[in-house]
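Data block below; observations after.
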Amino acid sequence: MLHKHSEKYRNPRLLVHRSKTAELELPETKLLSTQFQTLTNDKTTPTSTSIQETKQLGQRYTIPEHGIKEDVAYSLIHNELTLDGNPHLNLASFVNTATTDIAKKLVMENINKNLADNDEYPQLIELTQRCVSILAQLWCCSKGDTPIGCSTTGSSEAVMLGGLTMKKRWEHKMRAQGRDCSKPNIIMSSACQVALEKFARYFDVECRLVPVSAATHFCMDPKLLHEYVDENTIGLFVIMGTTYTGHLEDISEICRTLEEIESRNPQWGNLEIPIHVDGASGGFILPFGYDAEHLSKLNGLDQWCFNNPRVLSINTSSHKFGLTTPGLGWVLWRDESLLPAELRFRLKYLGGVEETFGLNFSRPGFQVVHQYFNFMSLGFTGFRERFRKSLFVARAFSYALLKSEKLRDSIEIVSSVHERIADGGVPQNVNEYISQFDAFKAGIPLVAFKLSRKFQEKYPDIPQVIVSSMLRTRGWIIPNYPLPRSTDGSEKWEVLRVVFRSEMQLDLAQLLLFDIETVIARLVRSYEKVLRHLAAEQTEEERRAFIYEMLLTLASPGGPDAAASDDEDAENAEAAARAREKRAHLAERTSRNYRGTC
Ligand SMILES: *Cc1c(COP(=O)(O)O)cnc(C)c1O
Numbered sequence: 001m002l003h004k005h006s007e008k009y010r011n012p013r014l015l016v017h018r019s020k021t022a023e024l025e026l027p028e029t030k031l032l033s034t035q036f037q038t039l040t041n042d043k044t045t046p047t048s049t050s051i052q053e054t055k056q057l058g059q060r061y062t063i064p065e066h067g068i069k070e071d072v073a074y075s076l077i078h079n080e081l082t083l084d085g086n087p088h089l090n091l092a093s094f095v096n097t098a099t100t101d102i103a104k105k106l107v108m109e110n111i112n113k114n115l116a117d118n119d120e121y122p123q124l125i126e127l128t129q130r131c132v133s134i135l136a137q138l139w140c141c142s143k144g145d146t147p148i149g150c151s152t153t154g155s156s157e158a159v160m161l162g163g164l165t166m167k168k169r170w171e172h173k174m175r176a177q178g179r180d181c182s183k184p185n186i187i188m189s190s191a192c193q194v195a196l197e198k199f200a201r202y203f204d205v206e207c208r209l210v211p212v213s214a215a216t217h218f219c220m221d222p223k224l225l226h227e228y229v230d231e232n233t234i235g236l237f238v239i240m241g242t243t244y245t246g247h248l249e250d251i252s253e254i255c256r257t258l259e260e261i262e263s264r265n266p267q268w269g270n271l272e273i274p275i276h277v278d279g280a281s282g283g284f285i286l287p288f289g290y291d292a293e294h295l296s297k298l299n300g301l302d303q304w305c306f307n308n309p310r311v312l313s314i315n316t317s318s319h320k321f322g323l324t325t326p327g328l329g330w331v332l333w334r335d336e337s338l339l340p341a342e343l344r345f346r347l348k349y350l351g352g353v354e355e356t357f358g359l360n361f362s363r364p365g366f367q368v369v370h371q372y373f374n375f376m377s378l379g380f381t382g383f384r385e386r387f388r389k390s391l392f393v394a395r396a397f398s399y400a401l402l403k404s405e406k407l408r409d410s411i412e413i414v415s416s417v418h419e420r421i422a423d424g425g426v427p428q429n430v431n432e433y434i435s436q437f438d439a440f441k442a443g444i445p446l447v448a449f450k451l452s453r454k455f456q457e458k459y460p461d462i463p464q465v466i467v468s469s470m471l472r473t474r475g476w477i478i479p480n481y482p483l484p485r486s487t488d489g490s491e492k493w494e495v496l497r498v499v500f501r502s503e504m505q506l507d508l509a510q511l512l513l514f515d516i517e518t519v520i521a522r523l524v525r526s527y528e529k530v531l532r533h534l535a536a537e538q539t540e541e542e543r544r545a546f547i548y549e550m551l552l553t554l555a556s557p558g559g560p561d562a563a564a565s566d567d568e569d570a571e572n573a574e575a576a577a578r579a580r581e582k583r584a585h586l587a588e589r590t591s592r593n594y595r596g597t598c
């Protein structure tokens, strides 16, 4: 997020404007009104130590001349941060929020190690090497190859590095044949996370977004590739686990289509178009959660990694299903020959020479320690058990949403992990999800759902986003977003998405279900009540429009003040006009996009 130092921060609005002479005993009195402070001043004898501290409490956007005591600073900041959402109830995020005490101990012991200090921390570098080797094997490297890879700050940096190697290799190939290499393009589906588009923009590659549709489960449609691929295509980003619905893109069909395109265009200087797999979440879920045989039943999904000749690089995020804290990702290439020499930097290290490739230099080392600890302490079966449990909870939750007496056909599920492979149906009994694990579709443990067509036809004036807002008052953070750009108009659908991380156990999922039932019942009740009470002289349409607007205003992020504070921020007329336009399109305020979630 970018931050401006605008007027709002130069002259922050304060609850209390302290007079220069106010001398207060306790820092907490900053929350009292000026009059009250004067009163207390009359009655108390000020102590000298706290004067400085209290004066500085109002200066939140300016560095204080003199610092305040550590314990006071601690309690102020600690208290302020309790306003943040509860990470465990943040069901919007793939990012891990659970760490054991023993892992924390190891993390704290290594918190001050820099991953860039190779000479000083050789064992930290050794643990990084072990993690790369472990991932290479999980991603089916073959005996003849020499996989190579590095740690990154997350999948974003990893995607940049993967994209850069595709770009450089394409340039070499084209240049060697005396062909033009000024117009590279990269192809990905419109369901991509923002990091993928960032690569294209930051590194001057044309971004070709293939629109999705309900028929392709909001994933890349291989058939459309004919219109997008050409000689200047440096490669494809294929997503294993989209952020919107957790679906896995049909990599085998994508490869078949690429073969077809290439065989029709033998004159191209660029054949064997490579794939970089975005496994931000799937990179851990697929190898641990599912057997290859199970994945092979899903249109050859077992060929998602280095066992597929077109897949030359893969990224993942450790802070998602690698179960570390935020700030660690990985990118691996099938073979070291795929890393163009000009991208590697050679640095002297312990008397030898070491090569690096990355956008950052100094980075915390403890996350690598944490990842290695997770590999060792959980082992293959530990990861598998966790992910299968999360999948079970996600499936059981979907099942319950569909079968709930109280919800009576109000909900449709857009994700697919709860569906049988054979016929797309749901089981008779929820226990089949355990006893016949391999009979159900693979994907990331998440549930994307929406108000059903039936519900929306009956109550077209209840905006779905209000469900998200009402659940927020219970502490649940469940975003509501429109689907990505499509060929069938499905971007008009909005979905609510719940990610099932390991803390989201069955009992919590059950509470969430009850809360969803309550929220929807309450919404319908209040809707009908307001509709009855609205003035009779208004037309039905006016009454409905009124309710819709009222609910949308209540549900808007930041509340009705959001647009007003933008006005304050507006430093010129153009920005003010933009803010007015923003207010006019209330609905747009609520339509954010999963592209930017993680
Ligand atoms: C989260 C995510 C990213 C970005 O990863 P970070 O580790 O947050 O940088 C990219 N792609 C997908 C599919 C993701 O889910």
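Taking UniProt numbering, I'd label the letters of the sequence shown as residues 1 to 598.
Every residue gets a Cβ at the ideal spot worked out from N, C-alpha and C, and that includes glycine.
Quick caveat: nothing in here was measured; it's all calculated off a predicted structure.
Residue i versus residue j: straight-line alpha-carbon distance, rounded
i, j, result
"valine 107", "isoleucine 285", "24 Å"
"phenylalanine 440", "alanine 422", "8 Å"
"threonine 473", "valine 519", "10 Å"
"aspartate 561", "alanine 555", "Caution is warranted here: a pLDDT of 43 is assigned to aspartate 561, below 50, making its placement in the model unreliable, and no coordinate value can be reported."
"threonine 40", "valine 72", "Since pLDDT at threonine 40 reaches only 45, below the 50 mark, its modelled position is unreliable, and the value read off the structure follows with that caveat. Approximately 21 Å, taken between the alpha carbons."
"aspartate 438", "lysine 389", "14 Å"
"alanine 215", "threonine 146", "39 Å"
"asparagine 112", "lysine 198", "31 Å"
"proline 340", "serine 416", "39 Å"
"methionine 240", "asparagine 315", "10 Å"
"glutamate 457", "alanine 103", "50 Å"
"tyrosine 244", "threonine 62", "40 Å"
"glycine 365", "proline 463", "45 Å"
"leucine 83", "tyrosine 74", "15 Å"
"glutamate 70", "phenylalanine 397", "45 Å"
"histidine 3", "glycine 327", "20 Å"
"glutamine 267", "leucine 196", "29 Å"
"cysteine 141", "arginine 310", "13 Å"
"serine 435", "leucine 552", "44 Å"
"glutamate 80", "arginine 169", "49 Å"
"asparagine 232", "arginine 175", "12 Å"
"asparagine 307", "serine 155", "21 Å"
"arginine 179", "asparagine 185", "15 Å"
"glutamine 371", "isoleucine 134", "11 Å"
"serine 404", "phenylalanine 514", "10 Å"
Range covered by the alpha helix (DSSP H) that runs through residue i
i, result
"residue 643", "Not covered by the structure: residue 643. The range shown for the chain is 1 to 598."
"phenylalanine 514", "506-533"
"isoleucine 102", "101-109"
"threonine 257", "251-264"
C-beta contact flag for residue i and residue j at 9 Å
i, j, result
"valine 132", "leucine 312", "no"
"glutamate 336", "isoleucine 148", "yes"
"asparagine 374", "glycine 322", "yes"
"residue 640", "alanine 191", "The structure shown does not extend to residue 640, since the chain is modelled only from 1 through 598, so no value can be given for it."
"valine 447", "histidine 418", "yes"
"phenylalanine 218", "valine 498", "no"
"phenylalanine 203", "phenylalanine 288", "no"
"serine 490", "serine 189", "no"
Cβ neighbours of residue i in the same chain (closer than 6 Å, five flanking residues each side left out)
i, result
"arginine 580", "For arginine 580, the pLDDT reaches just 48, beneath the cut-off of 50, and the residue's location in the model is therefore unreliable, leaving the point undetermined."
Beta strand (DSSP E) segment containing residue i, residue limits
i, result
"tyrosine 121", "That residue, tyrosine 121, is in no beta strand (DSSP E); it is neither H nor E in DSSP."
"serine 156", "Serine 156 -> not in any beta strand (DSSP E); alpha helix (DSSP H) instead, spanning 155-176."
"glycine 144", "Counting along the chain, glycine 144 falls outside any beta strand (DSSP E), and DSSP gives it neither H nor E."
"glycine 282", "Premise fails: glycine 282 lies in the alpha helix (DSSP H), 282-289, not in any beta strand (DSSP E)."
"histidine 276", "275-278"
"phenylalanine 237", "233-239"
Cβ shell of residue i (< 8 Å), same chain only, five flanking positions each side left out
i, result
"arginine 420", "Val426, Pro427, Ala439, Phe440, Lys441"
"residue 599", "Residue 599 cannot be examined here, being either before or after the span of the chain that is shown, 1 to 598."
"arginine 10", "Tyr61"
"threonine 21", "Summary for threonine 21: the model assigns pLDDT 45, below 50, so the residue's position carries little reliability, and this model does not support an answer."
Chain-order list of residues whose beta-carbon lies under 7 Å from that of residue i (same chain, five-residue window excluded)
i, result
"tyrosine 228", "Ile187, Arg208, Val210"
heavy atom of ligand 1 below 8 Å from residue i C-beta
i, result
"alanine 200", "no"
"histidine 3", "no"
"leucine 196", "yes"
"threonine 243", "yes"
"threonine 153", "yes"
"glutamine 371", "no"
"glycine 162", "no"
"cysteine 305", "no"
"glutamate 157", "yes"
Residue i Cβ short of 8 Å to ligand 3 heavy atom set
i, result
"glutamate 457", "Inclusion of ligand 3 in the displayed structure is not the case, the ligand content consisting of ligand 1 alone."
Chain C within 9 Å of residue i, Cβ atoms only
i, result
"glutamate 80", "Any reference to chain C falls outside this structure, which holds one protein chain only."
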